[in-house]
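In UniProt numbering, the protein residues as written are 1 to 285.
Where a beta carbon is used, it is the ideal one built from N, C-alpha and C, also for glycine.
Only a predicted model underlies this, so the values are computations on that prediction, with no experimental measurement involved.
Below: the structure, in structure tokens.
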Amino acid sequence: MLNTGSLSRATFKNFQHNRACFMRQILLLRPAFASSRHTFAPPLPVRLISRSPAAVCLQRRTFTMSPKTQEPAITKITELSASDAKWVTLKKIEYVDQVGKARTWEAATRKTRGKAGVDAVAMGNILLHPSRPLSTLVVIQYRPPLDAFTVEWPAGLIDAEETPEQAAVREFKEETGYECKVVSVSPVQAADPGMSDANMVLAMVEVHLNEGDSVGDVNVGEEDKNLPVQRLDDGEHIQRVVIPLSEFYDRLVEYSKKERMIVAAKLFHFAAGMHFAKTQTYGKV
């Protein structure tokens, strides 16, 4: 046992810090919880250059994305003032309705809208393989406002100087690892008009694959390890799943039944529209 009485205050504080870093590293190296009902990619191995506690802490900070060691959990929810908010703020809107009555409305608004006048872009995508069925790639990520994992098409905010097309190519590469070709961009759409002025566009993109490229022959909830390398920001943990278009609607329904998993409305609406067009009995569409 260390005799802390023989150490100066600064030395002892440094020892405590190093010990805490070392213990955090031990916890990070533990395998993911086996009690989860879902199958996710296993934690990545961590290669240590030095075994000293201080070096362990320093080396952990050099990684862009930490390996997953547990299921995410909300630890605290508090009120946030508009002045402290980085990404969104609240506004009170005063207006006169169609019959001349004065009314008010509370709305959330993003602080990040750039020159394009559009907040975000989602990438509806088609994977084209020489000998395999048409497929699409969806991403699964934890969303704190829902405390759940959402199934979505890749999407992201448009940077201040970007066009929606440029943002679509950049974000798709970062989240999926694939290069894509933009085929079309939709008009500006409301994202959640009852609560926010947030808007977005849908960019339909193509991914051209070679014969030897992976097309995601995996079970629901699993990521193909042969997919290209992602370029994720710190704090991003995005799982990719490739789904044949012929199974698109049914697979999303399966995801919707899983515990702590929600399919994004826009994605489900697209798949449901495809399914309805194929199964409706009203006449030729």
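Excluding the five sequence neighbours on either side, which residues of its own chain have a C-beta within less than 7 Å of the C-beta of residue i, listed in chain order?
| i | result |
| --- | --- |
| V183 | M204, V205 and E206 |
| S196 | A107, A108 and T109 |
| F276 | none |
| T136 | N125, I126, L127, I243, L245 and F248 |
Measuring only the C-alpha atoms, how far is residue i from residue j?
| i | j | result |
| --- | --- | --- |
| L90 | W105 | 10 Å |
| A102 | K92 | 13 Å |
| V188 | I243 | 27 Å |
| G124 | V99 | 41 Å |
| E211 | S131 | 7 Å |
| A272 | D97 | 34 Å |
| K284 | V151 | 31 Å |
| Y95 | E175 | 40 Å |
| N219 | L146 | Per-residue confidence for N219 stands at a pLDDT of 49, beneath the threshold of 50, marking its modelled position as unreliable; the derived number appears in the next sentence. Computed Cα separation, rounded: 25 Å. |
| A265 | M274 | 14 Å |
| E161 | M200 | 16 Å |
| K278 | L245 | 12 Å |
| residue 352 | D159 | Past the boundaries of the shown model lies residue 352; the chain is included only from 1 to 285, so the question cannot be answered. |
| T75 | Y282 | 51 Å |
| D233 | E247 | 31 Å |
| M23 | R231 | In this prediction, M23 has a pLDDT of 45, which is less than 50 and means its spatial position is unreliable; what the coordinates show is noted afterwards. Their backbone Cα atoms lie some 28 Å apart in a straight line. |
| V88 | S81 | 10 Å |
| G235 | A73 | 14 Å |
| S256 | S83 | 37 Å |
Under a Cβ-count criterion, where at least 16 other Cβ atoms within 10 Å of its own Cβ denotes burial, should residue i be classed as buried or exposed?
| i | result |
| --- | --- |
| Q280 | exposed |
| D119 | buried |
| Y249 | buried |
| P144 | exposed |
| T78 | exposed |
Below 7 Å between beta carbons: does that hold for residue i and residue j?
| i | j | result |
| --- | --- | --- |
| E171 | G156 | yes |
| H208 | L134 | no |
| T122 | W153 | Per the sequence shown, residue 122 should be read as Ala rather than Thr. A contact, by the Cβ cut-off of 7 Å. |
| F270 | L252 | no |
Within the same chain, show all residues whose beta-carbon is closer than 8 Å to that of residue i, passing over the 5 residues directly before and after it, in chain order.
| i | result |
| --- | --- |
| V229 | G177 |
| A85 | K111 |
| A148 | Y142, R260, M261 and I262 |
| C180 | M123, N125, A168, V169, F172, K173, V205, E206 and V207 |
| A191 | D119, A120, A198, N199 and M200 |
| T163 | A116 |
| G114 | I158, D159, A160, E161 and E162 |
| E165 | V182, V185 and A203 |
Can you list, in chain order, the residues of its chain whose CB lies under 6 Å from that of residue i, leaving out five sequence neighbours each side?
| i | result |
| --- | --- |
| S52 | Only weak support exists for where S52 lies, its pLDDT of 39 falling under 50; the value from the coordinates is given anyway. Nothing listed; no residue qualifies. |
| N226 | S214 |
Inset, instruction - Check whether the segment 223-241 touches the segment 139-152, taking contact to mean three or more Cβ pairs, one atom from each stretch, closer than 8 Å. - result: yes
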